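Residue numbering for the sequence shown follows our numbering, starting at -6 and increasing by one per position.
Where is the CB? At the ideal position from N, CA and C, for every residue including glycine.
Remember, predicted model here, so these are calculated numbers, not experimental data.
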Amino acid sequence: MNIFRLAGDMTHLMSVLVLLLKIYATKSCSGISLKTQELYAVVFLARYLDLLTDFFSLYNSVMKVVFIASSLAIVWCMRYHRAVRRTYDRELDTFRHYFLILGSFVLALIFHEKFTVQEIFWAFSIYLEAVAILPQLVLLQRSGNVDNLTGQYVFFLGAYRGFYILNWIYRYFTEAHFGRWIASISGLVQTALYADFFYYYFISWKNNAKLKLPA
């Protein structure tokens, strides 16, 4: 494992911890898209099917279990925890995320590296993760003001993708058979989706002001 992947994993983990802190400490999920959280739960469940068949390392297995468990816990809290679900912005979170699931699955059936169940679901998870943030970004644009913890959550998610792009560049030049082109292209698409958010995040940080996104 290189430093870029480790940094990516840690910022990804930080995004989850920040979101859990917001939900459990404030008993609020205001500003958080349930649609995005459901998409991430599907992403992790589809990608980590190899937990049942392969063992790479203790670190690898633990991280996979953490991301699956945390994503399911977040979805459960937003749907069924009495205090938390009352704060859910249902009227703003109306993105039709089922189309993203369908489109990603069709892409996986057409563009994959090997026609096996595990590889099809892996490709599906990569395509879906590339666009899973869309409902969250749309909700933030509709609400305008972004609270500090929500802003940090999205920031760490974007940073995670940025570090993974550096990881792929590093592996391309150091590994003889690195050919995960699906992950690389999807990662670039996903990172590009964060560009607008990062611009306004930087402006608010520079001016020491509250983060606001244009509607």
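ASN(-5), DSSP secondary structure in three states: Taking the sequence shown and counting its residues from 1, one reaches residue -5 at position 2. ASN(-5) sits in coil when the DSSP states are folded into three classes, being neither helix nor strand.
For ALA125, name the three-state secondary structure that DSSP assigns. Along the sequence shown, one-based indexing puts residue 125 at 132. Residue state, collapsed to three classes: coil.
Can you tell me whether LEU93 is helix, strand or coil according to DSSP? As a first step, residue 93 must be located in the sequence shown, where it is residue number 100. In the three-state scheme derived from DSSP, where H, G and I count as helix and E and B as strand, LEU93 is classed as helix.
I'd like to check one pair, VAL147 with PHE88: are the Cβ atoms closer than 8 Å? Indexing the sequence shown from 1 puts residue 88 at position 95. Indexing the sequence shown from 1 puts residue 147 at position 154. In this structure, PHE88 lies away from VAL147, with their beta-carbon atoms at least 8 Å apart.
Taking C-alpha atoms, which residue in PHE49, LEU51, TYR157 and LEU32 lies nearest to TYR91? In the sequence shown, residue 91 corresponds to position 98, counting from 1. Minimum Cα-Cα distance from TYR91 among the listed residues PHE49, LEU51, TYR157 and LEU32 corresponds to LEU32.
Ignore the nearest five residues each way along the sequence and tell me which others in ASP43's own chain have a CB closer than 7 Å to its CB. Taking the sequence shown and counting its residues from 1, the one referred to as residue 43 is at position 50. Answer for ASP43: GLN111, listed in chain order.
Which stretch, first to last residue, makes up the alpha helix (DSSP H) that contains GLY155? Position 162 of the sequence shown, counted from the start, is the residue given in the question as residue 155. Its alpha helix (DSSP H) spans residues 141 to 167.
Presumed contact (8 Å Cβ cut-off) between LEU204 and LYS15, rounded CB distance: As a first step, residue 204 is located in the sequence shown; it is residue number 211 there, counting from the start. As a first step, residue 15 is located in the sequence shown; it is residue number 22 there, counting from the start. So it is not a contact: roughly 14 Å between Cβ atoms.
If you measure between the beta carbons of SER97 and PHE114, is that distance less than 8 Å? Residue mapping note: residue 97 aligns to position 104 of the sequence shown, counting from 1. Residue mapping note: residue 114 aligns to position 121 of the sequence shown, counting from 1. For SER97 and PHE114, no; Cβs fall outside 8 Å.
So, are the CB atoms of VAL59 and GLN30 less than 8 Å apart? Counted from its first residue, the sequence shown places residue 59 at position 66. Counted from its first residue, the sequence shown places residue 30 at position 37. It is not a contact, given that the beta carbons lie outside the stated cut-off.
Pop quiz: LEU93 and LEU127 are said to be a contact at Cβ under 8 Å. What is the actual Cβ separation, rounded to whole angstroms? Residue mapping note: residue 93 aligns to position 100 of the sequence shown, counting from 1. Residue mapping note: residue 127 aligns to position 134 of the sequence shown, counting from 1. Their Cβ separation, rounded to whole angstroms, is 7 Å, which keeps LEU93 and LEU127 in contact under 8 Å.
Using CA coordinates, which residue listed in SER179, ALA152, GLU168 and SER197 is at the minimum distance from LEU6? Stepping through the sequence shown from its first residue, residue 6 is reached at position 13. That would be ALA152, whose Cα lies nearest to the Cα of LEU6.
I'd like the span of the alpha helix (DSSP H) that includes TYR81, first residue to last. Numbered from its first residue, the sequence shown carries residue 81 at position 88. Run containing TYR81: none; DSSP gives neither H nor E here.
How about VAL182 and ALA125: do their beta carbons lie closer than 8 Å? Here residue 182 refers to the residue found at position 189 of the sequence shown. Here residue 125 refers to the residue found at position 132 of the sequence shown. Their beta carbons are not under 8 Å apart, which means VAL182 does not touch ALA125 by this criterion.
Would DSSP call TYR187 helix, strand or coil? Taking the first residue of the sequence shown as 1, we reach residue 187 at position 194. Note: TYR187 maps to coil in three-state DSSP.
Determine the DSSP secondary structure at THR29, reduced to helix, strand or coil. Along the sequence shown, one-based indexing puts residue 29 at 36. THR29 falls in the helix class under three-state DSSP.
Grab me the residues of ILE103's own chain with a C-beta within less than 7 Å of its C-beta, minus the 5 sequence neighbours each way, in chain order. Along the sequence shown, one-based indexing puts residue 103 at 110. Result list for ILE103: empty, nothing under 7 Å.
Taking GLU106 as the reference, give the member of ARG(-2), VAL139, CYS22 and ILE175 with the closest Cα. In the sequence shown, the residue the question calls residue 106 occupies position 113. The residue with the shortest Cα to Cα distance from GLU106 is ILE175.
DSSP-derived helix/strand/coil call for LYS20: Locating residue 20 in the sequence shown gives position 27, where the first residue counts as 1. In this structure, LYS20 counts as coil in the three-state DSSP scheme.
May I ask you to report which of helix, strand or coil DSSP gives SER50? Your numbering for residue 50 matches position 57 in the sequence shown. Three-state result, SER50: coil.
For ARG75, count neighbouring Cβ atoms within 10 angstroms of its own Cβ and tell me buried if that reaches 16, exposed if not. For the purposes of this step, residue 75 is taken as the residue at position 82 of the sequence shown. The residue in question, ARG75, is exposed, as its Cβ has fewer than 16 Cβ neighbours within 10 Å.
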